[in-house]
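Each residue of the sequence shown is one higher than the one before, counting from 7 in the working numbering.
Just below is one structure, and these are the notes that go with it.
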Amino acid sequence: MSPILPLNRRSAALALTAALLVPALAACGSNDDKKTDGAASPSASASASAEPKAANLTVLAASSLTDVFKTAGAAYEKAHPGTKITFSFAGSQELAAQVKQGAPADALVTADTKTMDGLKAEVNDPAIIAKNRLVIAAGKDNPFKVAGLKDLADTKIKVVLAAPEVPVGRYSKQILDAQKIEVKPVSQEPNVRAVLSKVELGEADAGLVYKTDTIKSGDKVAVVDIPDAENAVASYPAASLKGSKNAEAAAAFVAWLSTPEAQKILQDAGFQKA
């Protein structure tokens with residue numbers, strides 16, 4: 007049995023014990039700090055790599071992305087269970103008007119930077135995800151033997167173009183003006199798909215469209231390439247909308263469009279690397 011110390015001696019012993027314990031505890035705390043200083047804690051790491059919450063996303067996209075985005079959307083949904091993407095395709099100028107009017111949507115992809123630049127108050131920082139070039143879509147078997155831009159000036163050829171406020175219409179005017187070629191279109195359409203449809207149906211003999219739009223036309227149209235020196239490059243910026251109710255999920259989808267998986271889908275569909 008330990009001897010009972012007088013009160014004064016017991017107090018002194020307790021004080022000494024406490025003094026000895028403090029450095030030891032401090033050392034333990036220091037070691038713990040060092041362990042977590044160079045690496046995130048398990049909870050922090052889990053948070054950083056966590057998937058965005060599943061959401062129903064509405065993405066406004068340029069008409070020329072119709073086919074490829076259906077493939078891309080399916081791939082994204084498969085990789086992100088629970089997320090559903092609904093696309094709304096139209097001319098970029100029409101999509102921009104919808105955004106300005108407060109249409110309920112989460113992300114936007116246009117066929118030109120000019121349209122996106124006009125929406126700085128409505129979108130987060132955009133990123134270019136793909137590029138495209140123009141071609142001449144001529145009628146089946148190319149009966150008028152259209153070989154280049156200069157042939158579109160022939161008044162015997164019914165040429166259809168997109169309206170000048172539409173990106174592809176603006177690009178068309180740009181390259182025709184640069185070559186000093188005057189074309190009198192029989193109609194000006196609201197988007198590139200409408201231009202292509204007119205040629206496919208035989209309602210026009212030729213039209214200027216994106217190269218990617220002609221891929222699924224088969225033998226309905228004859229594709230006439232335009233030399234790079236006479237062509238224009240269309241850039242496709244993508245951005246999440248500031249008014250989105252699914253901000254995290256929308257940003258994740260826009261970021262995904264620049265990943266190798268998404269880029270392969272775009273390039274397999276004929277789009278050029280961003």
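Ideal Cβ placement from N, Cα and C applies to all residues, glycine included.
Any beta strand (DSSP E) of 3 or more consecutive residues that is wholly inside the stretch 144–227: Fully enclosed beta strand (DSSP E) runs of 3 or longer: 165–168, 193–195 and 212–216.
For L101, three-class secondary structure by DSSP: Helix.
DSSP state of I135 mapped onto helix, strand, coil: Looking at I135 - three-state DSSP - the assignment turns out to be strand.
Status (buried if at least 16 other CB within 10 Å, exposed otherwise) for E267: Around the beta carbon of E267, fewer than 16 other beta carbons sit within 10 angstroms, so the residue counts as exposed.
For K137 and T1, the rounded distance between their alpha carbons: Limits of the chain in this structure are 7 at one end and 280 at the other, which puts residue 1 out of reach.
Beta-carbon proximity of V115 to A68, cut-off 8 Å: Going by beta carbons, V115 and A68 fall inside the 8 Å limit.
Environment of A54 [buried if 16+ CB atoms lie within 10 Å]: The predicted position of A54 is uncertain, since its pLDDT is 33 and thus under 50; a value taken from the coordinates is nonetheless stated next. Its Cβ having fewer than 16 others within 10 Å, A54 is exposed.
Segment limits, alpha helix (DSSP H) that includes P266: P266: member of the alpha helix (DSSP H) spanning P266 to D274, first to last residue.
Residue environment, L31, which counts as buried when at least 16 other CB atoms sit within 10 Å: In this prediction, L31 scores a pLDDT of 38, lower than 50, which makes its location untrustworthy; no coordinate-derived value is stated.
Where L207 falls, given that 16 or more other Cβ within 10 Å makes a residue buried: That one is exposed.
Whole-Å CB distance - L63 paired with A113, under 8 Å assumed: With a contact defined as Cβ atoms closer than 8 Å, L63 and A113 qualify at about 7 Å.
Rounded straight-line distance, which links the Cα of Y216 to that of V260: Between the alpha carbons of V260 and Y216 lies a gap of roughly 22 Å.
Contact between the stretch 186–194 and the stretch 158–178 (3+ Cβ pairs under 8 Å): Segment contact: the stretch 186–194 against the stretch 158–178, three or more CB-CB distances shorter than 8 Å; contact assigned.
Reference P233; option with closest CA among G108, I142 and P149: Just measuring C-alpha positions, the residue of G108, I142 and P149 sitting nearest P233 is I142.
Whole-angstrom C-beta distance between P196 and A169, which should lie under 8 Å: Indeed they touch by this definition, with Cβ atoms about 6 Å apart.
Residue of I163, A111, G213 and F75 minimising C-alpha distance to Y242: The option with the nearest alpha carbon to Y242 is F75.
Cβ neighbour criterion (16 or more within 10 Å) applied to A281: The question about residue 281 has no answer here: the residues shown for the chain are numbered 7 through 280.
Cβ pair G145, I221 closer than 8 Å: Not in contact: G145 and I221 (Cβ atoms no closer than 8 Å).
Coarse secondary structure for A127, derived from DSSP in three states: DSSP places A127 in coil when its eight states are reduced to three.
T89 beta carbon less than 8 Å from that of E83: Note that the C-beta distance between E83 and T89 is below 8 Å.
Pick from N237, T72 and Q99 that is closest to L155, judged by C-alpha positions: Of the candidates N237, T72 and Q99, N237 places its Cα closest to the Cα of L155.
For Q99, the nearest candidate out of H86, G108, T121 and A81 (CA to CA): The candidate whose alpha carbon is nearest that of Q99 is T121.
Status (buried if at least 16 other CB within 10 Å, exposed otherwise) for K204: So K204 ends up on the buried side.
Rounded straight-line distance, which links the Cα of A60 to that of H86: Spanning the two alpha carbons is a distance of roughly 7 Å.
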